[in-house]
Amino acid sequence: MTHATAVGSMPGEDQRSFDHAVGLVLGELVGQLPHLPEVPGRGAGAAMTGRALALVAELGADLQPAGWRLTGQGASGVDQRRARSLVGQDLDSLEEQAQGLTGAFKIQVTGPWTLAATVERPRGDAVLGDHGARRELAQALAEGLVDHVADVRRRLPGVERLVVQVDEPALPSVLGGRVPTASGLHRHRSVDLPEASDTLAAVLAAVVAAGGEPWVHACAPRTPLDLLRGAGARGLVVDLDQLAAEDHDQLGEALEAGESVVLGVLPPTDPATRPSDKDVTARVERWLEMLGLDPEVVGDQLGVSPSCGLAGASAGWARDALRLAAATARNLTP
């Protein structure tokens, strides 16, 4: 069966918002692919970079006016400790509300290249500018993910399939040499494709070693989907509106190879005119027809979701987007 899910983030500004988001996801996506919500409106420690730094092993970080920065020591800064505490609180809430959950579940984490582009070295400027530093950060992320996946599995013993979505929105900028230096006057040198693939592959391999299923969320234009698949991604989460012609071919090949594809087909913020589930279903059917794929053959490899996170949406649209995704998935299921 086609399944519904969401990219990750939800609206809200406090812990009550997170608790509500967990209940909403578990309720609206029952029998689909529910996920661990992220509520970045709670602060930097709850946003994607802060949550990833909460997981990294043996690397200290703190929050500076310009953003997150490594400390150069193993000791964590107060903001990193708060981020870790927040992840623990979130998992406690999930465990309480998801008792008896079976089937599949998804968690999300910022990928190594987006982290390298958004976290600074101890003396400033992005980790991306230092080959050794970016390798060390990726290794710490991989090690931390092993522990994180084990923790989630312990808390959700009935879940047979745990998907780990690695978010890499900055990857095209990293590969294209478009990440600005701290001064803003220059750009960091582009990373070559073999290094980009090997670094991502190490993180995805850690997910597999921990018993997870590695997916990559790639919502930015010009993301090389073949690189993601070559690095070990067994699922691709994409924005249908951002795809180039060659991307459609890659997604078709992924489905034919037994891999998963999640199409972002719903707006992440409140639309002027809300689509119906029939409208969304017809759009997915046209895409499958363009690729010559039968929904019955694709089966549960295909998913539908909002095109990006819902943090900027109203609470009403966040709820309706999940409902529309679930209805669309049911419509596409023979």
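What the sequence shown shows, in my numbering, is residues 7 to 340, in sequence order. In this text, a Cβ means the ideal position worked out from N, Cα and C, and glycines have one as well. None of the values given here were measured: they were computed from a predicted structure.
Put residue i into one of helix, strand or coil per three-state DSSP.
i             : result
glutamine 86  : helix
glycine 117   : coil
valine 13     : coil
histidine 223 : strand
glycine 309   : strand
histidine 192 : coil
leucine 97    : helix
leucine 242   : strand
valine 290    : helix
alanine 132   : strand
glutamine 171 : strand
arginine 127  : coil
glutamate 166 : strand
valine 214    : helix
glutamate 44  : strand
proline 186   : strand
leucine 92    : helix
glutamine 248 : helix
serine 282    : coil
leucine 233   : helix
glutamate 302 : helix
alanine 208   : helix
aspartate 296 : A small fix is needed here, since residue 296 is methionine in this sequence, not aspartate. If DSSP states are grouped into helix, strand and coil, methionine 296 belongs with the helices.
glutamate 64  : coil
glutamine 103 : helix
glycine 51    : helix
alanine 317   : coil
alanine 81    : coil
Does residue i pass the burial test, meaning 16 or more other C-beta atoms within 10 Å, or should it be called exposed?
i              : result
aspartate 253  : buried
valine 133     : buried
glutamate 291  : exposed
proline 345    : No information on residue 345 is available, as it lies outside the stretch 7 to 340 that the chain covers here.
aspartate 25   : buried
methionine 296 : exposed
valine 57      : Checking the sequence shown, residue 57 turns out to be arginine, not valine. Classification for arginine 57: buried.
methionine 7   : exposed
threonine 108  : exposed
glutamate 44   : buried
histidine 137  : exposed
valine 303     : exposed
aspartate 204  : exposed
glycine 147    : In the sequence under discussion, the amino acid at residue 147 is leucine, which differs from the glycine named in the question. Classification for leucine 147: buried.
glutamine 145  : buried
glutamate 201  : exposed
serine 99      : buried
glycine 135    : buried
serine 311     : buried
glycine 298    : exposed
arginine 129   : exposed
alanine 250    : exposed
glycine 182    : exposed
Specify, as a first and last residue, the run of the beta strand (DSSP E) that residue i falls within.
i             : result
arginine 325  : Arginine 325 -> not in any beta strand (DSSP E); alpha helix (DSSP H) instead, spanning 321 to 338.
leucine 177   : Per DSSP, leucine 177 belongs to no beta strand (DSSP E); it is in the alpha helix (DSSP H), 177 to 181.
aspartate 253 : Looking at the DSSP string, aspartate 253 is not in any beta strand (DSSP E); the run it does join, the alpha helix (DSSP H), is 251 to 262.
serine 266    : 266 to 272
Counting along the chain, where does the alpha helix (DSSP H) carrying residue i start and finish?
i            : result
arginine 160 : 137 to 161
serine 23    : 21 to 34
valine 197   : Careful: valine 197 lies outside any alpha helix (DSSP H) and carries neither H nor E.
leucine 61   : 54 to 61
Checking the sheet assignment: what are the DSSP bridge partners for residue i?
i                 : result
glutamine 70      : Gly73
phenylalanine 111 : Leu168
Say yes only if the C-beta of residue i is nearer than 7 Å to one or more non-hydrogen atoms of the ligand HEM, and no if none qualify.
i             : result
aspartate 326 : Annotation note on the ligand HEM: not contained in the displayed structure, which lists no ligands.
The segment 117 to 132 touching the segment 174 to 182, judged by at least three CB pairs closer than 8 Å = Yes, they touch.
query = How do the segment 241 to 257 and the segment 182 to 202 stand: do at least 3 beta-carbon pairs fall below 8 Å, yes or no?
reply = no
ask   = Between the segment 32 to 39 and the segment 15 to 24, are three or more C-beta pairs nearer than 8 Å?
value = The segment 32 to 39 is not in contact with the segment 15 to 24.
task = For the segment 250 to 268 and the segment 279 to 288, state whether three or more C-beta atom pairs, one from each stretch, are separated by less than 8 Å.
result = no
inquiry  = Any contact between the segment 319 to 330 and the segment 48 to 66? By contact I mean 3 or more CB pairs, one from each, below 8 Å.
reply    = With a cut-off of 8 Å on Cβ pairs, the segment 319 to 330 is not in contact with the segment 48 to 66, counting fewer than three such pairs.
ask   = So does the segment 204 to 212 actually touch the segment 224 to 239, counting three or more Cβ pairs closer than 8 Å?
value = yes
request  = Spell out a yes or no on whether the segment 80 to 91 and the segment 54 to 69 are touching, meaning 3 or more CB-CB pairs, one atom from each, closer than 8 Å.
outcome  = yes
query = Does the segment 221 to 232 come close enough to the segment 153 to 163 to have 3 or more Cβ pairs within less than 8 Å?
reply = no
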